[in-house]
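These notes concern the structure reproduced below.
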Amino acid sequence: MILQYDAADDPSVSLTLEFTTASGYTGKFETLHIETAPITLVAEDALTGSTPIAFAASTATYTIYNTTGEEVTDLYMYRTGTEDKGENLIDGAAEDGGSQVISFDSVPEFLIDEEGNMGRITLEFTTASGYTGKFETLSYEVAPICLISADQVTGATQIKFGAPAN
């Protein structure tokens, strides 16, 4: 979810973020300042220190590598579960062996639903021969991604995380 707090012009404001889970675990962080900061609530059994939150990357960067063996004509990134794919993002990864970087400096509006919750990202691509690959559970993260051909698929996904082996 997206939480916004308007502190007017007072940068000295300090906030407390407190949450309680269904099992009764309560986490509290008392020194949050006015900033743009993606935050993950940390489960009680996952704590490695005294802080029940973790700060996530404020930018997302996906390095897309075309390892399909053919030209990629279409590349879309959109909120999983929606029909609107937005604009075709294909650029440097169009030709076989090509690559490109897609970066977001802040959480894009297309990822936020009506209630302010951030969703998952679908990465979808189509090759010149008409093959379509799709990955529907991409997170807002930094990730190298290889687009793979139908004959390279060994599991349920048409992408592979990591850079291609040279």
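So the sequence shown is numbered by the numbering used here: it starts at 7 and just counts up by one.
Every residue gets a Cβ at the ideal spot worked out from N, C-alpha and C, and that includes glycine.
Check                                                                                                                              : Outcome
DSSP state of Glu-50 mapped onto helix, strand, coil                                                                               : helix
Whether Ser-109 touches Ala-66 by CB criterion (8 Å)                                                                               : yes
Contacts around Ala-149, its chain only, beta-carbon distance under 7 Å, and the 5 residues preceding and following it disregarded : Tyr-68, Phe-167
Distance between Glu-24 and Thr-132 (C-alpha atoms, nearest Å)                                                                     : 44 Å
Residue nearest to Val-45 in terms of C-alpha spacing, selected from Ala-52, Pro-58, Asp-51, Lys-140                               : According to the sequence displayed, residue 45 carries Ile and not Val. Of the candidates Ala-52, Pro-58, Asp-51, Lys-140, the one whose C-alpha sits nearest the C-alpha of Ile-45 is Pro-58.
Counted within 10 angstroms of its Cβ, other Cβ atoms place Gly-92 as buried (16 or more) or exposed                               : exposed
C-alpha gap between Ile-151 and Arg-85, whole angstroms                                                                            : 18 Å
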